[in-house]
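In the numbering used here, the protein residues as written are 4 to 524.
Glycine included, every Cβ here is placed at the ideal spot set by N, Cα and C.
As the structure is a computational prediction, the values presented were derived from the model and not from experiment.
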Ligand code: AHR
């Protein structure tokens with residue numbers, strides 16, 4: 004009889020071992036009482052450039068359009084963006100910023116001079132969307148403007164006049180001009196980028212040369228409105244750590260009373276495994292899924308290494324790392340203008356968004372803003388438009404589900420993740436982030452990067468007596484599922500029932516290629 008019991012127990016243990024091997028054993032410990040750093044809502048910033056239909060058609064349709072609009076700005080796009088709580092929009096570029104002369108985009112639209120958009124398709128820019136229209140967009144969205152000044156082909160006077168035009172209420176020429184153009188009260192514009200990619204399309208400068216230009220331009224950007232300006236330095240090409248060193252060293256060696264010339268330092272990193280063969284956004288195999296996710300994880304190393312240099316000069320972390328361009332960059336959709344960078348957006352994009360947001364959270368002691376490229380119709384967009392129709396992308400839904408983390412306290416955690424192996428390479432299967440909001444609710448976001456294997460997670464919640472868990476999930480039947488015009492949505496947020504909470508331990512069963520956010524309260 005005893006022998007029979009031993010056999011049964013042995014068989015049971017073997018079964019457990021097999022089950023664990025099949026489903027993976029991942030463990031997480033979350034310290035719910037330990038948060039000290041805030042996940043800035045500006046990590047959820049957007050980027051909107053005069054590029055393709057990013058502005059024209061995507062945001063701006065003009066007051067006479069049959070597409071419902073408020074003072075020329077699409078109502079459907081604004082309503083959708085408000086639901087994901089857009090915190091900031093960076094404008095007018097990108098490369099476009101360094102050939103943009105803001106004076107051409109004010110006053111009666113019929114009188115505005117035209118220009119050629121040499122970076123993006125050589126199309127004619129009629130300047131109908133200018134400073135007032137952009138500020139109106141930000142007011143409609145309830146978000147902060149982030150304005151990128153032209154230091155490549157502009158002048159110090161031109162940029163400092165722009166600051167005066169927008170923010171001054173004094174007796175001066177720019178305030179007078181603004182009032183003449185219909186805006187009595189000044190706006191508040193805190194965030195100013197002092198050039199964009201100045202190593203490349205912003206003027207092919209060396210780090211030393213740009214360090215001097217940064218000081219010269221920034222010094223003349225004045226605080227007229229009582230809101231100190233947050234001036235963002237251009238960074239070097241993604242891994243150019245020497246550039247970071249040059250800029251930070253100059254800042255450190257500047258007299259303390261002048262150091263306000265820089266508040267943030269920009270990092271741009273696009274997820275592109277091979278720039279010569281970017282591949283299509285929708286037609287890909289598992290090896291491409293894996294390559295994209297491996298490549299996006301490099302963001303962690305980039306932030307760590309740039310931040311380490313910044314720490315050496317700025318131990319108190321006064322300068323924010325501003326990741327003001329990031330996201331997937333694929334081939335344009337067949338038949339579209341190659342200069343317009345219009346691409347579809349699949350569950351793979353959703354996964355890339357989740358992984359990057361988790362990384363920005365993890366580094367929120369240094370990363371103070373991030374702006375995904377780009378908001379509408381360009382690269383990894385939130386929204387695609389076709390005439391009067393709009394599509395909300397899988398990336399949009401990640402931003403929506405993750406919006407609970409905005410301005411919440413990052414919770415410390417320890418994760419032990421299974422590996423996802425493809426060929427000779429491996430990456431962690433799980434990407435995770437946890438925060439506690441001002442009402443004391445805990446949110447844990449979990450992404451299972453494996454496209455075919457579900458994962459089990461045991462998560463210990465320390466420092467809380469909360470006993471209820473609910474959740475939401477983004478997943479789809481295939482890796483390349485996407486939302487398309489005139490079709491029911493293939494990717495959206497659904498309720499998630501795969502988590503149980505007992506005695507401070509969460510057990511979660513994550514489907515393959517899924518992103519989940521749990522709320523514990
Ligand atoms: O987002 C598209 C372009 O990528 C931007 O204009 C430029 O800054 C970057 O190289």
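With a CB to CB cut of under 6 Å and the five nearest residues on each side skipped, what residues in its chain are close to residue 399?
Numbered from its first residue, the chain shown carries residue 399 at position 396. Contacts found: 385.
Mind checking residue 253: buried by the 16 CB within 10 Å criterion, or exposed?
As a working note, residue 253 is residue 250 in the chain shown. Its Cβ being crowded by 16 or more others within 10 Å, residue 253 is buried.
If you measure from the CB of residue 54, is any heavy atom of ligand 1 nearer than 7 Å?
Numbered from 1 along the chain shown, position 51 holds the residue referred to as residue 54. Under cutoff, so the answer is yes.
Can you tell me whether residue 124 sits near ligand 1, meaning its C-beta is under 7 Å from at least one heavy atom of the ligand?
For this step, residue 124 is matched to residue 121 along the chain shown. Residue 124 Cβ: outside cutoff for every heavy atom of ligand 1.
May I ask which residues mark the beginning and end of the alpha helix (DSSP H) holding residue 246?
Counted from its first residue, the chain shown places residue 246 at position 243. Element bounds for residue 246: 244–255.
Measuring alpha carbon to alpha carbon, tell me which of 449, 194, 495 ends up nearest residue 48.
Residue 48 sits at position 45 when you count from the first residue of the chain shown. For the residues 449, 194, 495, the minimum Cα distance to residue 48 belongs to 194.
What number of angstroms, rounded off, separates the C-alpha of residue 454 from the C-alpha of residue 405?
Within the chain shown, the letter at position 451 stands for residue 454. Within the chain shown, the letter at position 402 stands for residue 405. Straight-line Cα distance between these residues: approximately 21 Å.
Candidates 146, 206, 112, of which the one nearest residue 185 by Cα:
As a working note, residue 185 is residue 182 in the chain shown. Answer by Cα proximity: 112.
To the nearest angstrom, how far is it from the Cα of residue 343 to the Cα of residue 383?
Against the chain shown, residue 343 aligns to sequence position 340. Against the chain shown, residue 383 aligns to sequence position 380. In a straight line, the C-alpha of residue 343 is about 13 Å away from that of residue 383.
In the structure shown, what three-state DSSP assignment does residue 505 receive?
Here residue 505 corresponds to residue number 502 of the chain shown, with the count starting at 1. Strand at residue 505.
Roughly how many angstroms lie between the CA atoms of residue 66 and residue 131, to the nearest whole one?
Here residue 66 corresponds to residue number 63 of the chain shown, with the count starting at 1. Here residue 131 corresponds to residue number 128 of the chain shown, with the count starting at 1. If I take the Cα positions, the gap works out to 11 Å.
So, under 8 Å CB-CB, residue 223 and residue 269 are touching, yes? Tell me the CB distance rounded to an integer number of Å.
Start at 1 with the first residue of the chain shown, and residue 223 comes out as number 220. Start at 1 with the first residue of the chain shown, and residue 269 comes out as number 266. In this structure, residue 223 and residue 269 do not form a Cβ contact; the two beta carbons are roughly 20 Å apart against a cut-off of 8 Å.
Compute the distance between the beta-carbons of residue 44 and residue 327, then report whether it is under 8 Å.
The residue given as residue 44 occupies position 41 in the chain shown. The residue given as residue 327 occupies position 324 in the chain shown. Contact flag unset, no.
Cβ pair residue 302, residue 340 closer than 8 Å
Numbered from 1 along the chain shown, position 299 holds the residue referred to as residue 302. Numbered from 1 along the chain shown, position 337 holds the residue referred to as residue 340. Not in contact: residue 302 and residue 340 (Cβ atoms no closer than 8 Å).
Going by C-alpha to C-alpha distance, which of 452, 447, 389 sits closest to residue 432?
Position 429 of the chain shown, counted from the start, is the residue given in the question as residue 432. Looking at the Cα atoms, 452 is the closest of the given residues.
Tell me whether the beta-carbon of residue 379 lies closer than 8 Å to the beta-carbon of residue 324.
Mapped onto the chain shown, residue 379 falls at position 376. Mapped onto the chain shown, residue 324 falls at position 321. Taking the C-beta atoms as reference points, residue 324 is found no nearer than 8 Å to residue 379.
Residue 25: buried (16+ other C-beta within 10 angstroms of its C-beta) or exposed?
The sequence position of residue 25 within the chain shown is 22, counting from 1. Caution is warranted here: a pLDDT of 43 is assigned to residue 25, below 50, making its placement in the model unreliable, and the coordinate value is therefore given only provisionally. It is exposed - the Cβ of residue 25 has fewer than 16 other Cβ atoms within 10 Å.
Roughly how many whole angstroms lie between the Cα atoms of residue 56 and residue 503?
Against the chain shown, residue 56 aligns to sequence position 53. Against the chain shown, residue 503 aligns to sequence position 500. Computed Cα separation, rounded: 45 Å.
Touching by the beta-carbon criterion (3+ pairs, under 8 Å), the region 361–376 and the region 249–264
Taking 8 Å as the limit for Cβ pairs, the verdict is that the region 249–264 does not touch the region 361–376.
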